[in-house]
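Taking it in order: structure first as structure tokens, then the write-up.
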């Protein structure tokens with residue numbers, strides 16, 4: 041049996057006698073603590089322990105080996121540099137390790153978890169209970185475990201371990217030699233590398249995953265070649281150029297190779313461009329956009345979106361919501377749009393424009 045080790049999260053409340061007890065995260069006393077509302081919390085250059093409490097929080101670790109707990113609410117946790125530990129808690133959380141050997145634990149709820157684009161570190165991503173999406177955006181040798189629930193896992197250029205666990209999962213091996221473990225009736229697509237698939241005690245080749253047929257619905261003025269359904273979907277592109285349109289439901293979409301155009305639908309979608317110079321466009325919901333490798337154009341849409349440019353010179357626009365944007369590698373141009381946005385530059389000569397709203401703009405210390 042293969043187990044990617046879990047994490048421990050405990051939160052001590054304030055007793056009625058008036059004695060304040062400091063919250064803990066992963067067994068460590070918090071150095072930065074949020075409120076029960078919606079918070080923006082920023083770490084220091086050193087090693088921080090940050091606890092978000094309730095609300096929909098945005099937590100930025102910045103430098104050092106940080107430990108971050110989102111707790112309740114729909115949170116966005118971004119580790120930045122250092123070997124970080126991120127714990128989402130309950131809710132629809134987005135976890136971005138960025139650089140270093142990071143550990144990410146989704147907790148209960150539907151989570152999006154990515155390793156850092158362009159990062160050669162060895163990361164561990166554990167979705168936990170819920171229907172999660174786990175993306176390896178970096179070239180390191182990483183471990184991805186879905187946990188209970190119907191999960192989508194996408195490997196990267198490294199030699200990764202993808203472990204489906206319980207639930208009806210969709211697993212894509214990515215572009216290099218992978219080890220894929222399937223304990224249930226999952227759909228497995230190996231990718232172009234040398235893959236080994238384990239179904240219980242049986243070793244076999246990997247099966248191709250299903251794709252929706254060509255539709256007549258448009259995406260960014262183009263006719264869609266892959267179209268979702270009104271319900272929740274997991275959609276994969278091909279190694280060539282695709283035009284993918286999600287519809288209703290909370291969807292997970294990955295373009296894989298090629299210069300793709302991807303449009304979100306009405307739900308809260310995960311949109312991953314994959315390799316290639318992609319156009320990724322969010323819908324009216326609170327979407328999570330991942331650029332991957334290539335020089336991408338990314339637009340957030342109407343909700344409160346989280347956008348990660350990835351490895352390349354990207355053009356990113358947040359749209360009208362309160363968005364969290366991180367450029368990562370490359371010389372990026374980032375525009376917040378209307379709303380109260382948090383925009384961070386990565387490694388490269390970035391240009392950041394807050395535009396409307398009360399925005400927080402920062403660069404990455406290097």
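In our numbering, the protein residues as written are 41 to 406.
Even glycine gets a Cβ: it sits at the ideal position worked out from N, Cα and C.
Extract the residue ranges of the beta strand (DSSP E) inside the stretch 160 to 208, only unbroken runs of 3 or more that lie entirely within it.
Runs of the beta strand (DSSP E) inside the stretch 160 to 208: 164 to 166, 173 to 175, 183 to 185, 192 to 194, 201 to 203.
Less than 6 Å between C-beta atoms, sequence neighbours within five positions excluded: which residues of the same chain meet that for residue 294?
So the list reads 194, 276, 312, 314, once near-sequence residues are dropped.
Between the alpha carbons of residue 115 and residue 66, how many angstroms are there, rounded?
Looking at the two C-alpha atoms, the distance is approximately 17 Å.
Check residue 394 in the structure and name its three-state DSSP category.
Coil at residue 394, not helix or strand.
Below 8 Å between beta carbons: does that hold for residue 359 and residue 339?
In contact: residue 359 and residue 339 (Cβ atoms closer than 8 Å).
Compare the beta carbon distance of residue 72 and residue 80 with 8 Å and say whether it is the shorter of the two.
No.
Along the chain, where does the beta strand (DSSP E) that runs through residue 346 open and close?
Residues 346 to 348.
Quick one: using the 10 Å Cβ neighbour count with 16 as the cut-off for buried, is residue 184 buried or exposed?
Classification of residue 184: buried, given that the 10 Å Cβ count is 16 or more.
Any idea what DSSP makes of residue 290, helix, strand or coil?
Three-state result, residue 290: coil.
Count the other CB atoms within 10 Å of the CB of residue 250; is the residue buried (16 or more) or exposed (fewer)?
Per-residue confidence for residue 250 stands at a pLDDT of 44, beneath the threshold of 50, marking its modelled position as unreliable; no derived number is given.
Hey, quick one: how far does the beta strand (DSSP E) through residue 364 stretch, first residue to last?
Run containing residue 364: 364 to 366, per the beta strand (DSSP E) assignment.
Go ahead and pull the three-state DSSP assignment for residue 278.
In this structure, residue 278 counts as coil in the three-state DSSP scheme.
How should residue 280 be labelled, buried or exposed, when 16 other C-beta atoms within 10 angstroms of its C-beta is the threshold for buried?
With fewer than 16 Cβ atoms within 10 Å of its Cβ, residue 280 is classed as exposed.
Contact check, residue 110 vs residue 127 under 8 Å by CB: the rounded distance?
Indeed, because the Cβ distance is near 7 Å, the residues count as touching under 8 Å.
Please report the straight-line C-alpha distance between residue 68 and residue 268, rounded to a whole angstrom.
Roughly 43 Å between the two C-alpha positions.
Along the chain, which unbroken stretches of the alpha helix (DSSP H) at least 4 residues long are found entirely within the stretch 59 to 144?
Whole alpha helix (DSSP H) segments, 4+ residues: zero.
Residues in its own chain within less than 6 Å of residue 78 by CB, not counting five upstream and five downstream?
Once the five neighbours on either side are set aside, the close Cβ partners of residue 78 are 95, 96.
Could you give the residue range of the beta strand (DSSP E) that holds residue 328?
Taken as a continuous stretch (DSSP letters only), the beta strand (DSSP E) holding residue 328 covers 328 to 330.
Using 8 Å for Cβ pairs, my map puts residue 74 next to residue 91. What's the rounded Cβ distance?
That belief holds up - the Cβ atoms of residue 74 and residue 91 are roughly 7 Å apart, short of 8 Å.
So for residue 285, helix, strand or coil by DSSP?
Strand, per DSSP.
Answer yes or no: do residue 144 and residue 165 have a C-beta to C-beta separation smaller than 8 Å?
Yes, they are a contact pair.
Does the separation of the CB atoms of residue 299 and residue 322 fall below 8 Å?
For residue 299 and residue 322, no; Cβs fall outside 8 Å.
Between the Cα of residue 259 and those of 83, 287, 274, 270, spot the shortest distance and give me the residue it belongs to.
Considering only alpha carbons, the answer is 287.
Considering only C-alpha positions, which residue in the set 379, 381, 366 is nearest to residue 101?
Nearest of 379, 381, 366 to residue 101, Cα basis: 366.
Using only the alpha-carbon positions, how far apart do residue 388 and residue 368 sit?
So the two alpha carbons sit approximately 8 Å from each other.
Can you have a look at residue 325 and say buried or exposed, based on whether 16 or more other CB atoms are within 10 angstroms of its CB?
By the 10 Å Cβ count, residue 325 comes out buried.
Which residue's Cα is closest to the Cα of residue 341: 361, 353, 122, 350?
That would be 361, whose Cα lies nearest to the Cα of residue 341.
Considering only their Cβ atoms, is the gap separating residue 202 from residue 211 smaller than 8 Å?
The answer is yes: Cβ separation under 8 Å.
Flag this pair as yes or no: are the beta carbons of residue 377 and residue 350 separated by less than 8 Å?
Not in contact: residue 377 and residue 350 (Cβ atoms no closer than 8 Å).
Start and end of the beta strand (DSSP E) containing residue 356?
Note, residue 356: beta strand (DSSP E), 355 to 357.
Per the DSSP calculation, residue 154 is bridged to which residue(s)?
Beta-bridge pairing links residue 154 to 136, 175.
From the DSSP secondary-structure annotation, give me the bridge partner or partners of residue 384.
Residue 384 is bridged to 366, 402.
Are residue 364 and residue 382 touching if we call contact CB-CB under 8 Å?
Yes. Within cutoff.
Could you check which residue in 148, 356, 209, 138 has the C-alpha nearest to that of residue 120?
Considering only alpha carbons, the answer is 138.
Whose C-beta lies closer than 6 Å to the C-beta of residue 163 among residues of the same chain, with five residues either side of it excluded?
Same-chain partners within the cutoff: 137, 142, 155, 182.
How should residue 270 be labelled, buried or exposed, when 16 other C-beta atoms within 10 angstroms of its C-beta is the threshold for buried?
Flag for residue 270 reads exposed.
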